[in-house]
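Student:
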Amino acid sequence: MMAIKQSPRRIAKEIIDLSDHKRKEILCLLDTDTRIQVIEQLVDLKVKTARFGKHLASIAERIDNKRKNNV
């Protein structure tokens, strides 16, 4: 297992466009808790992309981030 200093969201963003095989290789290197968090973020990103399209998904993410920062 590798030590991770990146957030699960950032890891998910970096591996989302990789092939299934490559994604699985990377996920296997993570500890269980981090792996679960990354998978949750992957699902969230894929749902947003499916719902809004890639460009609008990035806009929706920025809005979510602003809302989180204002709370």
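The numbers in the sequence shown follow this note's numbering, run straight up by one, and end at 76. Glycine residues also receive a C-beta, built at the ideal position from the N, C-alpha and C atoms.
Here's the rule: buried if 16 or more other CB atoms are within 10 angstroms of the residue's CB, otherwise exposed. What is L34?
Tutor: As a first step, residue 34 must be located in the sequence shown, where it is residue number 29. By the 10 Å Cβ count, L34 comes out exposed.
Student: Within the same chain, show all residues whose beta-carbon is closer than 7 Å to that of R56, passing over the 5 residues directly before and after it, in chain order.
Tutor: To locate residue 56, count along the sequence shown from 1; it is residue 51. So the list is empty, once near-sequence residues are dropped.
Student: In terms of alpha-carbon separation, which member of I44, K73, E66 and T37 lies closest to T54?
Tutor: Locating residue 54 in the sequence shown gives position 49, counting from the first residue. The shortest C-alpha separation from T54 is found at E66.
Student: Alpha helix (DSSP H) containing S63: first to last residue?
Tutor: Taking the sequence shown and counting its residues from 1, the one referred to as residue 63 is at position 58. S63 -> alpha helix (DSSP H) spans T37 to N75.
Student: Do you know how far the Cα of N75 is from the Cα of H60?
Tutor: Taking the first residue of the sequence shown as position 1, residue 60 is located at position 55. Taking the first residue of the sequence shown as position 1, residue 75 is located at position 70. Answer to the nearest angstrom: the Cα atoms are 23 Å apart.
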